[in-house]
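See structure below.
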Amino acid sequence: MGTTTAVLRVIVGDRILGIICLALASPARLPGTNWFLFVVIISFIATAIWSFVYLLSIREAINFPINWVLTEFCNTLLITVLYTVAFIVQLSAWSRPYQSYYKNPNIAAGVFGIINAAVYGTGVYLIFNDWKKSRTVPNCFMYSCISYNNGNEIVNKYYTIFIKTIEYQNMGSLRDMKN
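Take the sequence shown: its letter number 119 is residue 119 in the UniProt record's numbering, and every next letter is one higher.
Structure below.
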């Protein structure tokens with residue numbers, strides 16, 4: 001899987017940028033920085049968990065009925081949204097006109113937060129493409145002819161049945177289709 005390799009590269013980039021954000025924003029001097037550090041740490045932990053899922057081949061070892069790619073997509077999308085909110089909060093908290101020794105590193109942390117949100121957004125795009133490719137068969141239509149005896153004549157009726165790849169819609173019995 002070429003996309004999995006690209007996703008792993010994005011994950012490594014996210015972890016490095018996360019460490020830079022942690023180093024620049026610590027210690028938290030303002031309430032906005034507390035939120036920023038919370039999001040950085042939560043995303044770092046979630047990214048580490050997904051790294052272990054890939055590196056230890058847990059996806060293949062566990063046979064739960066989980067759509068792993070869709071789950072990872074939702075997780076990465078949530079982290080992207082949280083990072084976007086966090087860097088806005090971080091930059092707005094430290095953009096007030098006061099002098100502090102900690103202002104410049106925290107502004108830099110916000111800028112690295114922007115870059116990290118963009119990298120996570122790239123991961124969302126790659127995982128979404130992987131999810132689209134992982135679906136086995138596209139939705140399709142099947143035409144069916146049903147013959148039945150209506151008194152003295154044989155009647156042929158043609159029905160369009162919509163088939164889904166994961167869920168099959170209950171089209172009813174033949175008695176329901178006749179009427």
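Glycine residues also receive a C-beta, built at the ideal position from the N, C-alpha and C atoms.
**Report entry** Test: residue 98 CB closer than 8 Å to a CB of chain C
**Finding:** Note that chain C does not occur in the displayed structure, where there is just one protein chain.
Requested in this report: Measure the beta-carbon distance from residue 39 to residue 86 and round it to whole angstroms, keeping in mind my assumption that it falls under 8 Å.
Outcome: For this step, residue 39 is matched to residue 39 along the sequence shown. For this step, residue 86 is matched to residue 86 along the sequence shown. That belief holds up - the Cβ atoms of residue 39 and residue 86 are roughly 4 Å apart, short of 8 Å.
Query raised in the report: Given 8 Å as the limit, is there contact between the region 19 to 27 and the region 105 to 113, that is, 3 or more CB pairs closer than that?
Result: yes
Query raised in the report: Below 8 Å between beta carbons: does that hold for residue 93 and residue 30?
Result: By one-based count along the sequence shown, residue 93 stands at place 93. By one-based count along the sequence shown, residue 30 stands at place 30. Cβ atoms of residue 93 and residue 30: closer than 8 Å.
Query raised in the report: Taking Cβ to Cβ, would you say residue 36 is nearer than 8 Å to residue 73?
Result: As a first step, residue 36 is located in the sequence shown; it is residue number 36 there, counting from the start. As a first step, residue 73 is located in the sequence shown; it is residue number 73 there, counting from the start. Contact flag unset, no.
Requested in this report: Helix, strand or coil for residue 56, going by three-state DSSP, please let me know.
Outcome: Taking the first residue of the sequence shown as position 1, residue 56 is located at position 56. Note: residue 56 maps to coil in three-state DSSP.
**Report entry** Proximity to residue 15 [Cα-Cα], best of 48, 76 and 64
**Finding:** Within the sequence shown, the letter at position 15 stands for residue 15. Nearest option by C-alpha distance: 48.
Query raised in the report: Between residue 61 and residue 33, what straight-line distance do the alpha-carbon atoms span, to the nearest angstrom?
Result: For the purposes of this step, residue 61 is identified with residue 61 of the sequence shown, where counting begins at 1. For the purposes of this step, residue 33 is identified with residue 33 of the sequence shown, where counting begins at 1. Using only the alpha carbons, I get a separation of about 39 Å.
**Report entry** Option nearest residue 54 by Cα separation, candidates 68, 89 and 96
**Finding:** For the purposes of this step, residue 54 is identified with residue 54 of the sequence shown, where counting begins at 1. Measuring from the Cα of residue 54, the nearest candidate turns out to be 68.
Requested in this report: Take residue 46 and list the residues in its own chain whose beta-carbon comes closer than 8 Å to its own, dropping the five residues that flank it on each side.
Outcome: Looking up residue 46 in the sequence shown gives position 46. Same-chain partners within the cutoff: 75 and 79.
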